[in-house]
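In the working numbering, the protein residues as written are 14 to 772. Virtual Cβ for every residue (Gly too), placed ideally from N, Cα, C. All values derive from a computational prediction rather than experimental measurement. This report refers to the structure that appears directly beneath it.
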């Protein structure tokens, strides 16, 4: 495999059982279209469709994930070509910028940025050599040569990446000329905008007073009065919606909200416009505007996104020289329970409103956000964001929120990036992590599968929608009329097509992301994926029978996953096999397996032409008798390889096994080799059924000397979990761990895994 070729099982668990489930889930969703409901790509790229100039302008200059890390290593932003606010000199030689980047490539090791960039180099440009100072020029030239071709222009890449729709983010002062140009061009790609009012709602935003004055000029409203100021927002929101907007976005320092009377609001506006507002007054004004924006979203149907908790422009010198969004924003602790109460008191119980909460404070996941979203109809949880959109961060999000909020109260992945070429990689990471999480639930029997792979958590796509605003993105072009208060739960604007929870009609969509899917039986990965399939009449519905995950119980899942053994077991269960004796006992046949757990190994030898006596000899080495009742189940199917080994034991160091204990009786009654104080009876049970050969030289019978006994040991390669139905909670610390190998172990286990041995 080339150095940069991404491994097909990347980010999947090391456990072979869970990995197989995750792989099967991911296979059903990996090629679905990308819905990017929130991001910061430049709409000019798609309006003009001009070639990207060079590798540095594509990968370094627009991506603050990249240059903030380089800045932390003492690399100046001037040397990376980042423009200065004063127009001062910066590096303009793209090759030199790239060499600086390559010289510091090692600092990205272990970061998600490295994952995204390696993915782009390999899958987009076909590069097979890792970036380094030695390879920098060759890779730079290869990327530039590709960028000069029509296949690497923005629109061509948009289509190649299978992007269904992408949302950019603009301020109320933006003319949206690039979005208008995209529409006028006749290009079929969908690029929509989102309403980001920060420049005119944050009194501490640079140029606030001038921005509000310009705001009034654009809308024809008197923005010095509270009613006129709110009317200006409604006017611009309507204009943005006419240009395809389905959402608003609010980047506030905190999640604080307020619900003040009109007189208090006018006083705050007056002080803000006069430039005399204190920090507390500025915060109160922002808090009031969050509540006002939520009320407007209830009226016009735009999904509201709140991105709080970032200390913006923490480095004043960097901000003075280069401006905002230059990698100097730092996460802060964020309160939600008290901060959001005024907003929730006013609109939190409205089913027609969708407010998506994001956080940079991971400590709030389980304590505040999941309980809030698990109660208020208006609230949904946004995915792991910004500093946490890494594999580990995404997994932490699922682990800490699902138990309280479930899947239906979360939304799917937002790439939230300026780096266009990282979008496919980011969505691939999110899909893999969600598949991994769902596979773990299935493997642990915490959820089942049904109807060609629909997880038991829910039959529709709401389990992991790609952001609620994606629903309205899919329907935006079909909305002829104005909205009302009855926006849909999924975030779809109420203008035009109704997709409300009570009235939405079925269609051919799988609806993984949007929550408006019309396919009654979406894929299992609709709970694990973070994106949407195609809309309209183009069907991206799931196959009637997903190969690895059929409907029904885990037994059926196991039978499917182990299908490659079926031919062998069928061969071993023909005439003549009925009378075979295994380990001194009559071989039993079961309709589910055709043979006991050792049959795949025996069948493999029979197919290879080995004699029946050799097959019978191999069959004697079986799983422990204490687990034989599980061998009749598909979950217990294993294949065995035999090798010589030595087990070492210190008999005198065990506690007195004749002392007896309440814990022992439970395990003895179950016939399991896990009794904390009864190892010897369990060992005898295993030894009798395995017919361990005697032999070896026992050392002199001194009190603390071990003995070494040669014995055949089975190495288990598991196709499914072998789960012992233990019902004894507390096991002794000296219990021998028969399922994990030789001698004694600190605790018992309930399963056989890859590379383990059975004594």
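Where residue 24 falls: helix, strand or coil (DSSP): If you number the chain shown from 1, residue 24 lands on position 11. Coil at residue 24, not helix or strand.
Cβ neighbour criterion (16 or more within 10 Å) applied to residue 33: Walking along the chain shown from the start, residue 33 turns up at place 20. Buried: at least 16 other Cβ atoms inside 10 Å.
Beta-carbon contacts of residue 98 that lie in its chain and below 8 Å, excluding the five residues immediately before and after: By 1-based counting over the chain shown, the position of residue 98 is 85. Contacts found: 333, 334, 335 and 336.
Residue 123 versus residue 199 - alpha carbon distance: Numbered from its first residue, the chain shown carries residue 123 at position 110. Numbered from its first residue, the chain shown carries residue 199 at position 186. Cα to Cα, the separation comes out at about 42 Å.
Distance CB(residue 271)-CB(residue 300) smaller than 8 Å: Position 258 of the chain shown, counted from the first residue, corresponds to residue 271. Position 287 of the chain shown, counted from the first residue, corresponds to residue 300. In this structure, residue 300 lies closer than 8 Å to residue 271 by Cβ.
Length of the line joining the Cα atoms of residue 119 and residue 73: Taking the chain shown and counting its residues from 1, the one referred to as residue 119 is at position 106. Taking the chain shown and counting its residues from 1, the one referred to as residue 73 is at position 60. Rounded to the nearest whole angstrom, the CA to CA distance from residue 119 to residue 73 is 15 Å.
Bridge partners - residue 180, DSSP secondary structure assignment: The residue given as residue 180 occupies position 167 in the chain shown. 205.
Alpha helix (DSSP H) segments (min. 4 residues) lying fully within the region 371 to 440: 383 to 386 and 404 to 418
Selection from 115, 62 and 177 that minimises the alpha carbon distance to residue 150: Against the chain shown, residue 150 aligns to sequence position 137. The shortest C-alpha separation from residue 150 is found at 115.
Distance, residue 254 Cα to residue 328 Cα: Position 315 of the chain shown, counted from the first residue, corresponds to residue 328. Position 241 of the chain shown, counted from the first residue, corresponds to residue 254. Between residue 328 and residue 254, the C-alpha separation is close to 36 Å.
Distance between beta carbons of residue 320 and residue 263, contact taken as under 8 Å: Taking the first residue of the chain shown as 1, we reach residue 263 at position 250. Taking the first residue of the chain shown as 1, we reach residue 320 at position 307. Contact flag correct, Cβ pair sits at about 7 Å.
Residue 316 to residue 368 span [Cα, whole Å]: Counting from 1 along the chain shown, the entry for residue 316 is found at position 303. Counting from 1 along the chain shown, the entry for residue 368 is found at position 355. Cα-Cα distance, rounded: 6 Å.
Environment of residue 343 [buried if 16+ CB atoms lie within 10 Å]: On the chain shown, residue 343 is found 330 positions in, with the first residue counted as 1. By the neighbour-count rule (16 or more Cβ atoms within 10 Å), residue 343 is not buried but exposed.
Proximity below 8 Å, CB of residue 39 to CB of residue 445: What you label residue 39 is simply residue 26 of the chain shown in a count that begins at 1. What you label residue 445 is simply residue 432 of the chain shown in a count that begins at 1. Contact: yes.
Expected contact under 8 Å - CB spacing of residue 68 and residue 153 to nearest Å: Start at 1 with the first residue of the chain shown, and residue 68 comes out as number 55. Start at 1 with the first residue of the chain shown, and residue 153 comes out as number 140. 5 Å between Cβ atoms; contact.
Alpha helix (DSSP H) segment containing residue 47, residue limits: Taking the first residue of the chain shown as 1, we reach residue 47 at position 34. That residue, residue 47, is in no alpha helix (DSSP H); its beta strand (DSSP E) goes 47 to 49.
Residue 268 burial status per 10 Å Cβ neighbour count (16 or more: buried): One-based indexing of the chain shown puts residue 268 at position 255. With 16 or more Cβ atoms within 10 Å of its Cβ, residue 268 is classed as buried.
Element boundaries [beta strand (DSSP E), containing residue 86]: For the purposes of this step, residue 86 is taken as the residue at position 73 of the chain shown. Taken as a continuous stretch (DSSP letters only), residue 86 belongs to no beta strand (DSSP E), as it is neither H nor E.
Reduced DSSP category for residue 82 - H, G, I as helix; E, B as strand; rest coil: One-based indexing of the chain shown puts residue 82 at position 69. Looking at residue 82 - three-state DSSP - the assignment turns out to be helix.
Three-state class that DSSP yields for residue 113 in the structure shown: Within the chain shown, the letter at position 100 stands for residue 113. Residue state, collapsed to three classes: helix.
Local Cβ density within 10 Å of residue 209, reported as buried at 16 or more and exposed below that: Within the chain shown, the letter at position 196 stands for residue 209. The residue is buried, with at least 16 neighbouring Cβ atoms inside 10 Å.
Residue 317: first and last residue of the uninterrupted beta strand (DSSP E) it sits in: In the chain shown, the residue the question calls residue 317 occupies position 304. 316 to 319 is the extent of the beta strand (DSSP E) around residue 317.
8 Å Cβ cutoff met for residue 395 and residue 424: Here residue 395 corresponds to residue number 382 of the chain shown, with the count starting at 1. Here residue 424 corresponds to residue number 411 of the chain shown, with the count starting at 1. Against a cut-off of 8 Å, the Cβ pair of residue 424 and residue 395 comes out as a contact.
Simplified DSSP assignment, three categories, for residue 67: Against the chain shown, residue 67 aligns to sequence position 54. Note: residue 67 maps to coil in three-state DSSP.
Straight-line gap, residue 130 to residue 390 (C-alpha atoms, nearest Å): Taking the first residue of the chain shown as position 1, residue 130 is located at position 117. Taking the first residue of the chain shown as position 1, residue 390 is located at position 377. Distance between the alpha carbons of residue 130 and residue 390 is about 39 Å.
Option in 426, 227, 281 and 48 with minimal Cα separation from residue 213: Sequence index remark: in the chain shown, residue 213 carries index 200 (1-based). Comparing Cα positions, the closest option is 227.
Limits of the unbroken alpha helix (DSSP H) element including residue 191: One-based indexing of the chain shown puts residue 191 at position 178. 190 to 198 is the extent of the alpha helix (DSSP H) around residue 191.
Collapsed DSSP secondary structure at residue 156 in the structure displayed: As a working note, residue 156 is residue 143 in the chain shown. If DSSP states are grouped into helix, strand and coil, residue 156 belongs with the helices.
Residue 246 - DSSP class collapsed to helix/strand/coil: What you label residue 246 is simply residue 233 of the chain shown in a count that begins at 1. Correct three-state label for residue 246: helix.
DSSP state of residue 231 mapped onto helix, strand, coil: For this step, residue 231 is matched to residue 218 along the chain shown. Of the three classes helix, strand and coil, the one that applies to residue 231 here is helix, per DSSP.
Residue from 405, 435, 432 and 419 with nearest C-alpha to residue 449: The residue given as residue 449 occupies position 436 in the chain shown. Closest by alpha carbon: 405.
Neighbour flag for residue 277 against chain E, beta carbons, 8 Å: Although the question refers to chain E, the structure presented lacks it and comprises just one protein chain.
Limits of the alpha helix (DSSP H) - the one that residue 263 falls within: Numbered from its first residue, the chain shown carries residue 263 at position 250. Where residue 263 is concerned, there is no enclosing alpha helix (DSSP H), although the beta strand (DSSP E) around it starts and stops at 260 to 263.
Residue span of the alpha helix (DSSP H) that contains residue 39, given as start and end: The count along the chain shown starts at 1 and reaches residue 39 at position 26. It spans 29 to 42 - the alpha helix (DSSP H) in which residue 39 sits, taken as one unbroken run.
Coil, strand or helix - residue 369 by DSSP: In the chain shown, residue 369 corresponds to position 356, counting from 1. In this structure, residue 369 counts as strand in the three-state DSSP scheme.
Rounded distance between the beta-carbons of residue 18 and residue 26, thought under 8 Å: Residue 26 sits at position 13 when you count from the first residue of the chain shown. Residue 18 sits at position 5 when you count from the first residue of the chain shown. Incorrect: roughly 21 Å between the Cβ atoms, too far for contact.
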